[in-house]
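So the structure is just underneath, and the comments pick up after that.
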Amino acid sequence: MVFSKLLYDNGFYDSMDIGEVKERENLLKSITAGMDSVGRNTYNSLNFFHDMDNANSYNGKPIYMTSTEARKDIKYYLQMAGMEHTEDEKAKFQLTINELFKNFRLGNGNQNTLFDQMKKSFADFATKNTDDKGLREYVLKQSEETFNRIGKYWSMLTA
């Protein structure tokens, strides 16, 4: 519903007849249907980690952090968990993303370049414009699948 409204607000449906709009809306429904289970799985995973006693044990069994990568991920995860955004920061980010989608819709610029700008804008927002290269890479790594889906869905919507 939120994504559909964003598309509507940016004129995505303006040149479509009612049949085309319904077709795109049905496509969006099928695309987002699987996201409920993703949300539940993420929620369950977070509950699992939340229930751990200081990340040292779960169900009485010790958890060993053997991977440097895993330790870095936890460090960055905890760093991200402590970040909060002001309403102004959220509004600016939303405007930036809206403008990028508008450029996608109008065919302004190379779509790969626009998509890269979207990823950069997201990393800037999510990390509060940090210079910490590791944190930025972590954020982009964690969002890679989401950006892949956005690209796929955008291609489906504009086909």
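So for the sequence shown, the numbering used here puts the first residue at 175; every next one is plus one.
From the three backbone atoms N, C-alpha and C, an ideal C-beta is built for every residue, glycine too.
Bear in mind that the values here come from a model prediction, so they are computed numbers and not experimental data.
Glutamate 258, DSSP secondary structure in three states:
For glutamate 258, the three-state secondary structure derived from DSSP is coil.
Between which two residues does the alpha helix (DSSP H) containing aspartate 290 stretch?
Boundaries of the alpha helix (DSSP H) harbouring aspartate 290: 285–300, taken from the DSSP string.
My assumption, with CB atoms under 8 angstroms, is that aspartate 262 sits in contact with tyrosine 312. Please give the rounded CB distance.
In fact, because the Cβ distance is near 25 angstroms, the residues do not count as touching under 8 angstroms.
Keeping to the same chain, check which residues put their C-beta closer than 6 angstroms to that of phenylalanine 299; ignore five residues upstream and five downstream.
If the five residues before and after phenylalanine 299 are omitted, its C-beta is found closer than 6 angstroms to the C-beta atoms of Phe267, all from its own chain and listed in chain order.
Closest Cα partner of aspartate 306 within the set Gly193, Glu194, Tyr250:
Selected option, being the one with the closest Cα: Tyr250.
Check whether leucine 288 and phenylalanine 278 have beta carbons under 9 angstroms apart:
Yes; because the gap between Cβ atoms is below 9 angstroms, this pair is in contact.
What is the DSSP secondary structure of phenylalanine 267, counted as helix, strand or coil?
Three-state DSSP puts phenylalanine 267 in a helix.
Please tell me whether methionine 257 and threonine 301 are closer than 9 angstroms, where the distance is taken between their beta carbons.
A contact, by the Cβ cut-off of 9 angstroms.
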